[in-house]
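Under mature numbering (1 follows the signal peptide of the UniProt record, and there is no 0), the letters of the sequence shown match residues -19 to -1, 1 to 253, in that order.
Idealized CB from N, CA, C, for every residue including glycine.
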Amino acid sequence: MMKKLLLTLFLSAGLLIYAQVGIKTESPKAILDVNGDMNLRSKIAVFDATDNTVSQGNNDQLLVSQGEGYPPIWKTLRIPEYEPNKFYLIFNNSFSDKQGITFASYEQANIATSREVTFVKGTSIGNLNGFKKIDGLSKTISVFSTQSKAYFQFETVVQADFSTNGSTDTSIDYACGIFVDDKLINLRQRNLKAINSSHPFLTHTQIGVVENLSKGDHTVSVACSRLASYGATGRTLTIGKNVYSNINDFIAQSSLKVDVYEVPEVFNPIIN
């Protein structure tokens, strides 16, 4: 009788080892398939076949799947701590462009009204004649809070193929604008003037700020225009690229730095 009992126990153990076991289910989908709540009174451990070790993880760690065919691993979940009603740097990046834009003498903006009336914050780029985008500086940014401040710093080099200045001044007026979703948020006008050496250039820098963008994705871009010429018929203006070899495209390249500060409303946990 005892031999029969032992044989039955061994056979049952073999079935448990090689068969799928279901609790509250007649068709288990894994070695152990529980259809319902499970209460663990002791510990969970993960076996690592590479070194034959068993890890129980550390306090506050989570068991994270690595995908089918791979054992799960323990991960630490970190949630950043924020003080209420304070702005924090949420997005920071910078971009560059060496292609730039070129304006021939005939590519001047035909502004029907005064510049004071034309260049107004919020104006659509489609209503600003003669503006060309610097393609490499058009980027998408994301905003996660209704309370935000976005800062944009644009820098480039402007050059013209002037000869040395003569008895009559030679110069070109130009303007560059920073746009968010193709709406003007900042604009600067300057004048590049011929000097006592040929092919003059200058460094152009401007900073724009916009507050409380709507939550979601937005496109930031930079565009410039040739506004007027004075004794510069037939002369070319370049922005973000060189028109002559006294500088190169590395020196003349454009850059845009973007910082977005927010009062956090969405908290994205970080797992490492």
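- Rounded to the nearest angstrom, the Cβ distance from Val203 to Lys130 is 19 Å, too far for a contact under 8 Å.
- When Cβ pairs closer than 8 Å are counted between the two stretches, the region 111 to 131 is seen to touch the region 80 to 95, the count reaching three or more.
- Classified as exposed, Ser46 has fewer than 16 neighbouring CB atoms from the shown chains inside 10 Å of its CB.
- Residue pairing by DSSP puts Thr219 in a beta bridge opposite Thr83 and Gln140.
- The three-state secondary structure of Arg96, taken from DSSP, is helix.
- Taking C-beta atoms as the reference points, Asp18 and Gln1 fail to come closer than 9 Å.
- A straight line joining the alpha-carbon of Leu44 with that of Thr57 spans about 9 Å.
- Per DSSP, Ile232 is one residue of the alpha helix (DSSP H) stretching across Asp230 to Ala233.
- Look at the region 140 to 191 and you find these whole runs of beta strand (DSSP E), each 3 residues long or longer: 152 to 161 and 164 to 174.
- Approximately 17 Å separates the beta-carbon atoms of His180 and Gln234; this is outside 8 Å, ruling out the contact.
- Counting only residues of its own chain and dropping the five nearest sequence neighbours on each side, Lys102 has a CB closer than 7 Å to the CB of Leu165 and Ile166.
- Secondary structure note for Leu70: its beta strand (DSSP E) is the uninterrupted segment Tyr69 to Asp78.
- Going by C-alpha positions, Arg216 is about 40 Å away from Leu194.
- Its chain contains Arg207 and Leu218 as the residues whose beta carbon lies nearer than 6 Å to that of Phe84, once the 5 sequence neighbours on both sides are disregarded; these appear in chain order.
- Taken through DSSP and simplified to helix, strand or coil, Asp240 comes out as strand.
- Counting along the chain, Tyr211 sits inside the beta strand (DSSP E) bounded by residues Gly197 to Tyr211.
- The three-state reading of DSSP puts Gly3 in strand, counting E and B together.
- Check the Cα spacing between Ile122 and each of Ile4, Asp198, Tyr242 and Pro245: the tightest is with Asp198.
- Per DSSP, Ile122 is one residue of the beta strand (DSSP E) stretching across Lys120 to Val124.
- Beta-bridge analysis with DSSP links Ala26 to no other residue.
- Note on geometry: alpha-carbon atoms of Ile188 and Asp240 lie some 11 Å from one another.
- In this structure, the beta-carbon distance from Asn227 to Asn177 does not fall below 9 Å.
- With respect to the 9 Å criterion, Leu183 and Phe100 are not classified as neighbours on the basis of their beta carbons.
- Within its own chain, the residues whose Cβ lies closer than 7 Å to the Cβ of Asn229, once the five positions on either side in sequence are excluded, are Asn223, listed in chain order.
- As DSSP reads the structure, Val45 sits in a beta bridge with Ile54.
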